[in-house]
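So the protein lines, in turn, are chains A and B. Residue numbering for the first sequence follows the numbering used here, starting at 31 and increasing by one per position. Residue numbering for the second sequence follows the numbering used here, starting at 301 and increasing by one per position. Glycine included, C-beta positions come from ideal geometry on N, C-alpha and C. Right, one structure below, let's go through it.
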Amino acid sequence: MKTEEIARVPRTIEWSRLINRASGQYYLFSLLLLAIVVVINAQLQENFFTPRAMNGLLRTVLPSLLLAVGQAIVVIGGGIDLSVGAIVTMVNVILVTQMGADATAAEVWRAVAIGLLAGIAAGAVNGAAVAFLRFQPLVTTFATTSIFSGIAVWVLPSPGGAVPSAFMSIYRWDLAGIILPVWIILFLLLAWTFVRNTKFGRFLYASGGQPISAYMSAVPVNWIRFTTYVISGFMSALTGLAITMSIGTGSALIGLDMTMSSIVAVVLGGTALSGGMGGVFGTMIGVFIITIIRNVISFANVPSWYQVLVNGLIVMFALAGPGLIDLIRRRRV
Amino acid sequence: MNGVTLSAQNLVKRYGGVVALSDGNLEVHSGEVVTLVGANGSGKSTLSKIVTGVVAPQGGQLLLNNQPVSFSSPLAARQHGIVAVYQELSLVPRMTVSENIWLGHELVSRSGLVRRQEMRDRTRALLDLFQGVMNAGVEPDTPVHQLAPSDKQIAEILKALSLEPRIMILDEATASLDTNQVKRLFELIGEWKKQGKGIVFISHRLDEIYRIADHITVLRNGKTVASAPVNEIPRRELVHLMIEDVEIARHNGSGPAPMQAEVSLKVENLNTRRLKDINFEVRRGELLGIGGLQGQGQSELLLTLFGAVPYTGSLTVFGRPVQLTSPRRAMKEHIAFVPGDRSTEGLLPVRSILENLMLPSWRSYGFPIRMIKARHDAQQAAQNLKLVMESLDAPVTSLSGGNAQKVVLGKWLLRSPKILLLDDPTKGVDVGAKGEFYKLLTELRNQGTSILFYSSDDEELLGLCDRILVLQDGQITAELQGESLTHYDLVAASMGSTGQELPYED
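What follows is the structure, given as structure tokens:
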């Protein structure tokens with residue numbers, strides 16, 4: 031009897047600890063949601079779990095994923111970036127106009143370098159305005175959206191252009207049967223784990239969580255803010271690169287509706303818009319949720335306006351979800 | 301550690317037109333505890349903020365070992381070994397105890413990674429300093445938002461300590477600590493002194509000051525008025541140093557309140573999260589002041605009486621027991637509340653004066669609203685208040701601070717309240733408007749309204765009130781009336797000793 035008790039006690043403690051730890055993770059809600067949408071999708075699409083369908087999904091997901099990761103870093107740092115879609119567009123038209131269908135390798139490299147630099151510069155403009163001039167993030171990036179879109183229209187007034195097919199084939203590259211998007215996701219997760227455990231990572235969460243406290247603790251809050259926008263600009267440029275590789279042409283409208291879904295992905299992934307919490311892993315889950323829901327809608331054969339409706343519902347759900355969980359928890363206490 | 305001397309000389313700091321510090325002086329040496337003492341608004345916080353680089357002075361100089369220095373940021377002060385313990389100001393709620401303690405000076409390995417385990421271990425060693433007096437279960441990995449206020453304060457102290465300062469400034473660090481925690485802190489301060497640290501200790505509690513101080517520096521109205529070893533400043537002398545010797549003008553000419561008048565509000569055994577065992581009565585036509593240091597529960601008391609804070613205990617209004625569960629219930633009992641922060645709690649800034657005045661009263665104007673009558677009543681109210689305005693339709697933001705405050709009061713007067721609660725209503729109001737405001741309050745009182753009046757301005761309380769309750773840590777620690785209604789007694793009571801304990805000798 032006595033020994034039994036002794037044996038049982040630590041086990042229950044360990045269980046509750048495990049559950050506590052899991053329920054304490056910010057992306058718990060997102061994981062549950064992902065499981066639900068995966069099940070629904072698998073019901074509608076028979077070959078969902080085949081490598082072919084999976085690879086297709088991953089290639090579709092990659093641009094949104096790169097964009098949302100940049101957005102997540104800005105949001106964790108206490109800001110928001112509405113201009114990411116415009117930067118994607120700008121980089122897309124720059125790449126297309128700088129390359130042409132029969133560009134040499136050197137010209138391709140040059141175009142890519144210009145594209146990436148343009149993205150970083152755009153992020154630096156946002157960052158300088160928000161961090162050093164103390165403009166409102168929402169208003170600032172809303173305004174720069176027009177500027178970057180304007181530049182895109184100026185560079186490429188009507189859709190078109192082409193890129194070398196060798197450039198496009200990079201997107202379909204794989205190593206040991208594992209396709210590029212997987213390697214990129216793995217690399218991003220590794221890089222994020224590293225960054226989170228550096229000073230920068232700590233400063234990022236502190237700046238977003240309580241800027242005054244961070245400042246009092248000698249954290250360079252302004253520089254951290256600035257850097258988040260530069261990172262977001264760079265990630266937007268990478269997104270532009272990925273899109274250009276996958277579709278091979280340019281349009282001054284291509285990225286505009288990606289902004290909203292990047293923010294929704296961040297929120298769905300458990301990162302609060304108030305800043306100071308969340309992370310990149312959850313955001314990635316958020317991106318997968320959105321993409322799979324779109325997939326479901328296209329398989330369910332519903333009129334396209336439903337897609338708009340569902341998108342709206344997702345936004346509301348994403349914003350309400352964490353609050354709902356808190357509400358349920360409080361009830362229980 | 302070598303000896304170090306920090307000396308602040310003739311510091312001046314103005315915020316806009318307000319002079320926070322006109323001649324601040326402070327000197328602290330290694331191995332010494334200097335306590336900085338002063339009444340509300342005497343410039344203590346400003347002085348400590350200048351010394352730690354949070355704000356820049358507009359005049360005067362700082363000397364470190366006789367070398368002039370200036371700190372452009374908290375980081376600069378920190379690099380010179382000067383660190384402040386703030387009141388929960390520097391903790392990030394979502395981060396853990398360990399992350400917070402090392403925030404800004406993380407231990408980093410050569411590869412750029414944060415040395416988590418080492419920081420955790422050192423955090424544990426720091427937490428061990430307060431072992432036995434903190435709540436159980438505070439670990440290096442506990443998120444700060446889960447900590448009790450006292451444990452947060454201890455985390456703040458440990459955070460400052462982890463910087464290995466040469467001079468440490470504790471700004472009311474004991475305010476949220478219990479007796480055992482204070483005792484442990486004082487033992488630790490004793491050790492730090494031996495290690496050669498210089499300590500600046502800011503506190504409002506007289507007995508703490510005399511337990512820990514080697515040297516006392518007194519501020520009054522932004523000036524350092526005394527600085528001497530502790531044995532040269534006895535307790536009663538200290539209180540005198542803190543208050544100015546001016547005659548306090550009575551704004552309230554008509555003598556003491558009729559003590560036989562009907563009791564309008566009776567509070568018995570009132571408890572909330574911050575208030576403990578509050579008992580008092582107010583009579584018709586009485587102006588009852590609520591005093592004490594800032595943030596001792598005064599606002600909470602008024603909010604509770606307005607039904608905005610859950611409470612236990614019994615309230616009786618005009619002999620009838622009532623349950624004040626919401627502001628609406630309180631309004632039905634003819635209780636009105638004038639909040640302290642005009643712009644956020646008292647007014648709708650972009651709307652017109654008319655709308656602001658009528659907001660609590662629209663219900664009694666029918667459906668659709670009888671606009672002509674409403675306008676007439678508002679005009680009447682504006683006249684009674686002597687409101688200086690363009691027209692009733694001008695936005696309320698076009699009024700001066702004093703006139704805007706009259707609108708906040710006026711909107712409740714239209715409901716003719718019997719009990720009026722005022723939460724520091726004259727903050728940021730110019731002197732002229734204050735005078736009119738006082739006249740208005742006195743008139744209301746003479747008409748039989750019971751007024752509960754909290755003010756952070758001691759002179760105003762003494763000038764207006766028939767009686768003053770002094771709050772400390774959510775408890776009524778003294779009641780001043782008649783003979784004891786003096787500045788000396790008010791300050792002494794605020795700091796934790798009653799006038800009786802401090803014989804007044806001239």
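Please list, in chain order, the residues of the segment 239-252 of chain A that have any C-beta partner in chain B closer than 8 Å. G239, Q240, I242, S243, A244, Y245, M246, S247, A248 and V249
What do you reckon, are the CB atoms on P440/B and R394/B nearer than 8 Å? no
Within the 8 Å Cβ cut-off, does V392/B reach chain A? yes
Tell me whether the beta-carbon of V696/B lies closer than 8 Å to the beta-carbon of P725/B. no
What residue range does the alpha helix (DSSP H) around Y510/B cover? L506 to I512
Using beta-carbon positions only, say whether G404/B and A248/A come within less than 8 Å of one another. yes
With 16 other Cβ atoms within 10 Å as the buried cut-off, status of R164/A: exposed
Cβ-based burial, Y57/A [other Cβ within 10 Å; buried from 16]: buried
Cβ of E399/B within 8 Å of any chain A Cβ: yes
Which runs of the beta strand (DSSP E) fall wholly inside the segment 44-104 of chain A and span at least 3 residues, in chain order? none
Going by the DSSP bridge assignment, what does S750/B pair with across the sheet? I719/B
CB-CB under 7 Å to L64/A, same chain, minus the five flanking residues each way: which ones, in chain order? I315, F318 and I319
Could you tell me the distance, in whole angstroms, from the CA atom of T479/B to the CA atom of I401/B? 24 Å
Suppose only complete runs of 4+ residues qualify. What are the alpha helix (DSSP H) ranges in the segment 337-399 of chain B, listed by chain order? 344-351 and 374-379
Beta carbon proximity, G115/A to chain B, threshold 8 Å: no
Need the endpoints of the alpha helix (DSSP H) that G591/B sits in, please. Not the alpha helix (DSSP H): G591/B falls in the beta strand (DSSP E), residues L587 to G591.
Determine whether the beta carbon atoms of K711/B and L657/B lie at a separation below 8 Å. yes
Could you tell me which residues DSSP puts in a beta bridge with P529/B? H515/B
I254/A versus R89/A: straight-line alpha-carbon distance, rounded: 32 Å
8 Å Cβ cutoff met for S292/A and S60/A: no
Along the chain, where does the beta strand (DSSP E) that runs through I372/A open and close? Limits of chain A in this structure are 31 at one end and 363 at the other, which puts residue 372/A out of reach.
Under 8 Å, do I751/B and L744/B count as touching if we go by C-beta distance? yes
Contacts of G412/B in chain A (Cβ-Cβ under 7 Å): T228
Bridge partners of K566/B, per DSSP? E581/B and T616/B
Classify G437/B as buried or exposed, calling it buried when 16 or more other Cβ atoms lie within 10 Å of its own Cβ. exposed
Contact between the segment 274-292 of chain A and the segment 185-196 of chain A: three or more CB pairs below 8 Å? yes
For Y57/A, return the contacting residues in chain B, with the cut-off set at a CB-CB distance below 9 Å. Result: empty, since nearest Cβ-Cβ is about 15 Å, beyond 9 Å.
Please list the segments of the alpha helix (DSSP H) lying wholly inside the segment 601-685 of chain B, counting only runs of 4 or more residues, in order along the chain. 627-632, 653-658 and 671-684
Would you please verify whether the beta carbon of Y836/B is less than 8 Å from any beta carbon of chain A? What the structure shows of chain B is the stretch from 301 to 806, and residue 836/B is not part of that stretch, so it cannot be assessed.
Cβ distance (whole Å) where G153/A is taken to contact G305/A below 8 Å: Actually they are not in contact, since the Cβ atoms of G153/A and G305/A sit about 18 Å apart, beyond 8 Å.
Can you name the residues that DSSP bridges to F501/B? T335/B and L470/B
So, is A348/A buried or exposed, given that buried needs 16 or more other C-beta atoms within 10 angstroms? buried
Taking Q431/B as the reference, which of K483/B, N703/B and L769/B has the closest Cα? K483/B
Cutting at 6 Å between CB atoms, please list the residues of its own chain near G285/A, excluding the five before and the five after it. G115, V118 and T119
Near A733/B, which residues of its chain fall below 6 Å by C-beta distance, leaving aside the five closest residues on each side in sequence? G702
Go to I776/B, then tell me how far its beta strand (DSSP E) extends in each direction, as first and last residue. Q775 to Q781
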